[in-house]
Amino acid sequence: ATVAVDATARCEATPCKLEQLDSGAYRVRLELEQYHPFEEVVYVKAGETTTVDADLKPSFGTLTLKVRDDEGKRLPGAQVLVNGRQVGDGDLDKHRLPAGNHTIEVIASLHRGWDRDVVVYEGKHVSLKARLPARYGFLDIKSKPAGAAVYLNGENQGKTPLSHFEVPSGTHDLEIRGGEDYRRWQKRVSIGVRKMERFSVSLQRRVGRILVTTTPPDAQVLLNGKRGQGKSPVMLKAVPTGTHTVRVSAN
Numbered sequence: 003a004t005v006a007v008d009a010t011a012r013c014e015a016t017p018c019k020l021e022q023l024d025s026g027a028y029r030v031r032l033e034l035e036q037y038h039p040f041e042e043v044v045y046v047k048a049g050e051t052t053t054v055d056a057d058l059k060p061s062f063g064t065l066t067l068k069v070r071d072d073e074g075k076r077l078p079g080a081q082v083l084v085n086g087r088q089v090g091d092g093d094l095d096k097h098r099l100p101a102g103n104h105t106i107e108v109i110a111s112l113h114r115g116w117d118r119d120v121v122v123y124e125g126k127h128v129s130l131k132a133r134l135p136a137r138y139g140f141l142d143i144k145s146k147p148a149g150a151a152v153y154l155n156g157e158n159q160g161k162t163p164l165s166h167f168e169v170p171s172g173t174h175d176l177e178i179r180g181g182e183d184y185r186r187w188q189k190r191v192s193i194g195v196r197k198m199e200r201f202s203v204s205l206q207r208r209v210g211r212i213l214v215t216t217t218p219p220d221a222q223v224l225l226n227g228k229r230g231q232g233k234s235p236v237m238l239k240a241v242p243t244g245t246h247t248v249r250v251s252a253n
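Count along the sequence shown starting at 1, add 2, and that's the number in my numbering.
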């Protein structure tokens with residue numbers, strides 16, 4: 003505590019020893035944050051030591067808060083706010099609060115929020131338990147080919163396979179993209195609380211057509227070394243997008 007004598011600062015912290023004081027009366031004041039000031043008139047006699055024992059009374063109460071999910075498990079990453087200002091993550095143990103009215107809020111990702119209005123009294127303790135119900139489910143996604151990008155509501159969540167992937171419960175737009183050579187797979191999905199939704203997706207290859215003509219006609223057409231494509235002129239249908247080798251040979 004800081005010490006002032008007759009309104010003049012004398013010590014920045016207690017314990018404090020003042021020497022060479024003249025005999026007489028002195029007004030001693032001690033101040034410490036979150037405590038009520040202590041003030042007393044002290045009489046000093048020459049050659050004697052006068053002791054001041056100051057018992058500062060707290061102007062605060064304390065709060066203990068336990069943060070749990072709906073299964074009773076700890077949520078160490080939950081944000082705890084008092085009157086809109088974050089004061090901690092997860093549980094609070096005898097956290098000091100000024101006496102008065104306060105709003106306690108707890109926010110955790112993928113969980114429902116919690117709030118309470120409390121009155122804190124000087125020197126008193128308040129214990130609260132916040133239960134935050136889960137608001138998430140799980141996705142398990144596999145694709146052929148693997149390594150496809152997974153988008154949820156337009157945001158990239160990673161590549162397949164995804165296993166036990168946590169997502170907010172509710173309805174979402176799920177999209178799997180296999181690159182330029184594959185058609186996108188899209189589906190609106192509903193995720194229940196703590197429920198698992200599994201998807202195994204075979205992505206369809208994009209296809210095009212190749213028209214082969216020759217002079218003279220009736221040439222044998224091979225695609226990527228494979229016979230059975232017919233004779234020119236011929237339209238090769240359902241050819242996967244990408245690079246291919248077309249060979250023609252005349253009889």
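Ideal Cβ positions, reconstructed from N, Cα and C, are used throughout, including at glycine.
- Taking all protein chains shown into account, Val82 has 16 or more neighbouring C-beta atoms within 10 Å of its C-beta and is therefore buried.
- When only Cα atoms are considered, Leu34 and Leu112 end up about 41 Å apart.
- In summary, Gly139 is buried, with 16 or more beta-carbon neighbours lying within 10 Å of its beta-carbon over all protein chains present.
- With a 10 Å radius around the Cβ and a threshold of 16 neighbouring Cβ atoms, Thr215 comes out exposed.
- In this structure, the alpha-carbon of Val203 lies about 5 Å from that of Ser145.
- Bounds of the beta strand (DSSP E) holding Cys13 are Thr10 to Cys13.
- Distances from the alpha-carbon of Thr10 to those of Pro163, His174, Arg29 and Leu164 put Arg29 closest.
- Taking the CA atoms as reference points, Arg186 sits about 10 Å from Arg207.
- Between the alpha carbons of Asp175 and Val84 lies a gap of roughly 36 Å.
- Three or more Cβ pairs closer than 8 Å define a contact, and the region 62-71 meets that threshold against the region 125-139.
- Leu23 sits in coil when the DSSP states are folded into three classes, being neither helix nor strand.
- Annotation: Val209 to Lys161 spans about 24 Å, alpha carbon to alpha carbon.
- Here DSSP, grouped into helix, strand and coil, assigns Ser234 to coil.
- The continuous beta strand (DSSP E) containing Gly63 extends over residues Phe62 to Asp71.
- Bounds of any beta strand (DSSP E) do not take in Tyr37, whose DSSP letter is neither H nor E.
- Between the alpha carbons of Val43 and Asp55 lies a distance of about 12 Å.
- Secondary structure remark: continuous beta strand (DSSP E) runs of at least 3 residues inside the region 195-240, in chain order: 198-204, 209-214 and 222-225.
- If you draw a straight line from the Cα of Glu41 to the Cα of Leu94, it is about 33 Å long.
- Residue environment: Ala150 is assigned as buried (16 or more neighbouring CB atoms within 10 Å of its CB, all protein chains considered).
- Under DSSP, the beta-bridge partners assigned to Thr105 are Asp119.
- When the Cα atoms are used, His246 and Met237 turn out to be separated by approximately 15 Å.
- Take the alpha-carbon of Glu177 and the one of Asp72: they are about 31 Å apart.
- Rounded to whole angstroms, Ile106 and Gly79 show a C-alpha spacing of 16 Å.
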